[in-house]
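Residue numbers (this note's numbering), protein chains in the order written: chain A, 2 to 244; chain B, 309 to 1559.
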């Protein structure tokens, strides 16, 4: 860490914390000031056929990738070795499942982008923010796939000893920039584009990730909402008068 | 029932499966604080409702105010206007229309998306918020005022307009921006000074005011109108100018337009929608159409394009544009053959004998070639008309005769025009035939048969005139041969009977014979079988239902040059089948039609008839035809339109000559009146020591004073001030608006038309080599929008919107009267029209003290319909005193000349009080005079009494609310006592029982507060021809039919035949088919359908029929630049084209195009649609050019509006006056501003689009 350059520190230490701050505060701000804008702005009303294929494909793919990341980044190599999972097996499992999920995700994304660009009504409902988000999202996914293929599947980089360690150290506030600066180029690009994605995240439709209606699974059909029991201050002009 | 269903229905309440049940069962674990019911169906949460307030607040409001949409929305829907925090936020439809009674649909719901988006205007970017004056003008005025003696604004104004350089400086800037804010005081001072100067220097009739369609904001209309009438200015008509007036209605019914309310569509069993796009143009009423269909009504749509209303139809007929009369003639041919000749239909027979002119006798005349042609009605004064006791009685020239089979002699029936005003007609002006049994035809009573020559115009082009020889049965009357109108009608419709000479149709499939179903197919493209069948069904339904066959007719058939002939062919169908005057039957004309139901009050308020009579009113079409010099671009004489059967009495004259003739014979009004100020006549007479009127008649005879129409371009003969409120003439209704730009305003224009070559120049109207440019000195506009008209004005005053004033609204679509009310006080510096004109009147009166004082004015007033003036022309024979054909007698052979005293210092006093003439002279509407003393007395208590000034002791009228009470208290439709009394007056003349029609409401007085509370049904009144008594639906002429009250025509019946010289000259004595004007033959336009060589822009053009129908996104209650409407439509100007035409010249949908003809250029985008028939283009009217209109490729100037490609074309017969129903009344009879005969070349634009 001592021999890290200033640039490395800025990129692999400072920047991620800045992004984290933007991500957290951005969502708080958005929730506070734009609660009615907390939406995917669905374009299903303009086009539904391609959407019905592309959207599930993309979403199931990206959910798979998410859990792949949880495992790959969150679980230290020592843990899997402790339960006797051999490195080759783990690698084979990660690459096959990961690439299957990536294929679904990329395929879905291509359909969605194609749909968004060729259907004039959908394109008309696309904001500049959407376009930026699509670009950054596609770049992140693309670099991720490239990194996996080029460096993990065909190459010999073990991210579990590099990027993953850096990632876990990040949460304990002791990130080692060297782990990242030594990582292969596509991993670096993947991380950088992901940082860009997290930075713009609160200001895009991606906020819908945090509005996933999981509660619907267990919600009774009829919802009653009684008034708040806490007595708030009476409205102006309706205060009680003490005679 | 499946097993599964059985299980579900028998199960106890629960969820839809065990999985759901299990999932929800886990809920208690996730959210223990929320109570889940035992059956897992409910969750009870506490709190979390703060989001509710957003939705509550979204729809919360501080107040709801009733108002409606003004100017010309004939829907007249009542609306709730919502106000929140002092801001108008939205509007919603009112739902409280009175019920139509059991067993029929209601008027509620009423409204449309246009009305629902009006509130946008209140705070729109186009809102006029302050008074504006063009900088070049206000600078001139300030300098001139500083330099004028005593800083006199009147002298200042004079010094500007009389200086050609200064005048040009500001006039040439019109429409080019440069508007700056002014204060109300300064703007009004300038306007008032201009008025005072013009009245003083040129005469009051050089000022002209215009506001359209009073019914849907009666007080606003009245404001400026009252001001102009008080000073002696002229007011321009609107109904005829918009080409919405169907001249056939006065011609046939002697009534401007009286039509069923939309609720009466429900009563019809068979309904033809002919050129009227009901769901688009009558949106709030269209539901009646659907409901009537559920009742079993058969609906036919006749439209050249796949219009919206076609979806309602059981059958769609698509004639080529402008050929509707050919289709109707073929239907008439079928009906006459099958229901009148082959069999007799008792219902039709009885109806036509009693209620139409069909049994009346017409003499045949020999033309120059010795052939017989239809001539004049036989009247009691004819020496050969038999031993009638009516000969020698008063007005015997106007007592036409029929043939009585009981006595085998000609006889005068009661109810003719001759009975309407004469002493011997008291109690006899009715339609009772008594002992008389009229012969419809002389076929069974003939002495002989004779061949008559009838005109035809069916071949293409103006060279297509010709005639046909047909036979009629005749009787001899002295040396004359006479026949009946019915016999002539059969001859005209080519319906043969055995034994009659002439050329006749061999059968329905004789395509070579005029007016057969097969012939019409060659003209219209509609299958002959369908034409005959639908005609037959229409008649058979009328037989079966006693007249419940209806034709809704509209602009598609009415906006043509020959609209009157088209409509007369329709009215032949409705009248022959006994459908007029029957609920659910008859004509239903819906084109800009409006109905000021409280007509008497409005009429007297607007025309200031409580202070001075008569008013100066003028047909706008004629006005602008002359004053924008469009007459100087005519390329043909008036006789071009004549029939070969005519006597040549239009030969050698032009349309402008006809206008001049119509002024000097008193047929039509014309202002300015004379080539001197109308204020100078009395002074000159006094100087000559003579009475004013005799002096004037002599001076007119010897040419010392001349009528202004004879030299319209002389600098003292044209208008100087043009004021407009509630209107957008230059952006909408100005046919030939580029001519307005050139001659009236003096700005850039796009006219390329040639001036009239010497051989076609007028005979009586003076031709000046150099036509004036920039005639008008002041264009004043009161508006809340920045329109093309506003932007071309010199002074703009900010006006209230419809949600910011008190006013009244009525329509003929429903029988209710309701109100406008201010939802907010006037924002920014806007004022109500009533207040603005009051302000101008006040300043005017003040400036008049030094400049005008009290003057004697002479008003030349045309021979008026519903007065004895309509008996000025016996037999409809034209006699011109100027050619020595008769004496010049005011009120008989020339206009009525009335001396009127005007105290110009008291204009404001008079404007704001109700004058004494109502009590002294009463109120007269459509020939019925009302004694209104007690109602005026009531107004003294309602409005208060003026304490000082010219109106001291009279009821006050300071505010628009007072004016509303004036209208309501002084109209039969809203004052039951007045209606009852009017009917009693009419009973004396007719001898028929009438007053029970209003008696049920005798004690009812509608107050303004009532109209604020809810729409109020009106009272049956002699002001109209139909009845609402007992809550029935209004249908016109039901009083005529049920109570035998005559129509206001020559015979007192509905007219098929018009025997005026000019009608016969044009070959229009009877219904006839005339094709659209041939613009190639008349003006050298590119022939229809022909592609035009690529010109300078490199793209070929195609010549198409250019139609300007109603705009879906902007009609009536709304304008095109409304943000919401533009979002629903494409925004900006568009022209609709057919796929074939567009392909022929390489135009794709949404391409920029240019439409060009001799009148101007339009830049727009193309809408290419299968809706459109080949050869036809639509440019929806009144799109205006304030949004998205680029510079044209041809000229590099701003593209024009829809009326930049049209021009005014006057049909000489519309100028006729002084003869029965063919007499002038404001918006009743006069030339129409028709515009559908025009063609244009459309080509793709190649130049870049620049603004």
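Ideal Cβ positions, reconstructed from N, Cα and C, are used throughout, including at glycine.
Residue 581/B places its beta carbon less than 9 Å from that of residue 611/B.
Residue contact with chain B for residue 216/A: present (Cβ-Cβ distance below 9 Å to some residue of chain B). Residue 402/B and residue 1419/B have their C-alpha atoms roughly 25 Å apart. Under the three-state reduction of DSSP output, residue 779/B falls in the strand class. When Cβ pairs closer than 8 Å are counted between the two stretches, the region 1186-1202 of chain B is seen not to touch the region 881-891 of chain B, the count staying below three.
Out of 829/B, 1177/B and 1210/B, the CA that lies nearest to the CA of residue 1235/B is found in 1177/B.
Within the model, the alpha-carbon separation for residue 955/B versus residue 701/B is close to 31 Å.
Rounded to whole angstroms, the gap between the alpha carbons of residue 1362/B and residue 886/B is 11 Å.
Neighbours of residue 329/B in chain A, taken as residues at a C-beta separation under 7 Å, are lacking, since the least C-beta distance is about 10 Å.
If you draw a straight line from the Cα of residue 699/B to the Cα of residue 719/B, it comes to about 10 Å.
If you draw a straight line from the Cα of residue 936/B to the Cα of residue 708/B, it comes to about 42 Å. The beta carbon of residue 224/A falls within 9 Å of a beta carbon belonging to chain B, placing the residue at that interface.
Sequence-ordered contacts of the region 346-378 of chain B with chain A read 348, 349, 350, 351, 352, 353, 354, 355, 356 and 357 [C-beta pairs closer than 7 Å].
Here the alpha carbons of residue 412/B and residue 418/B stand approximately 16 Å from one another. For a cut-off of 8 Å, the C-beta gap from residue 532/B to residue 1031/B is around 6 Å, short enough to register as a contact.
Taking 9 Å as the cut-off, the Cβ atoms of residue 874/B and residue 608/B do not count as close. Between residue 508/B and residue 1184/B, the CB-CB gap reaches or exceeds 9 Å.
The three-state reading of DSSP puts residue 919/B in coil, since its state is none of H, G, I, E or B. For residue 323/B, the closest Cβ of chain A is nearer than 9 Å. Per the coordinates, the alpha-carbon of residue 774/B lies some 14 Å from the alpha-carbon of residue 679/B. When DSSP reads this structure, residue 1465/B sits in a beta bridge with 1468/B. Across the set 1007/B, 614/B, 440/B and 964/B, the C-alpha of 440/B shows the shortest separation from the C-alpha of residue 1089/B. Chain A has a Cβ within less than 9 Å of the Cβ of residue 344/B. Ranking 1548/B, 1544/B, 1546/B and 1536/B by CA distance to the CA of residue 555/B puts 1536/B first. Residue 1497/B places its beta carbon less than 9 Å from that of residue 1507/B.
Every unbroken stretch of the alpha helix (DSSP H) spanning 4 or more residues and falling wholly within the region 477-511 of chain B is given here in chain order: 492-509.
Residue 1046/B is classed as buried because its beta carbon has at least 16 other beta carbons within 10 Å across all chains shown. Taken in chain order, the unbroken stretches of beta strand (DSSP E) that lie wholly in the region 1379-1445 of chain B and span 3 residues or more are 1409-1415 and 1442-1445.
Taken residue by residue, none of the region 876-905 of chain B has a beta-carbon sitting less than 8 Å from a beta-carbon on chain A. Going by beta carbons, residue 974/B and residue 1200/B fall inside the 9 Å limit. Remark: fewer than three beta-carbon pairs, one from each stretch, lie closer than 8 Å, so the region 644-653 of chain B and the region 752-761 of chain B are not flagged as touching. Counting of Cβ neighbours within 10 angstroms places residue 1209/B among the exposed residues, the total staying below 16.
Judged by DSSP in its simplified three-state form, residue 931/B adopts helix. Nearest CB-CB separation between residue 335/B and chain A: below the 9 Å threshold.
Judged by beta-carbon spacing, residue 1035/B lies within the 9 Å limit of residue 518/B, meaning their Cβ atoms are closer than that value.
The beta carbon of residue 338/B falls within 9 Å of a beta carbon belonging to chain A, placing the residue at that interface.
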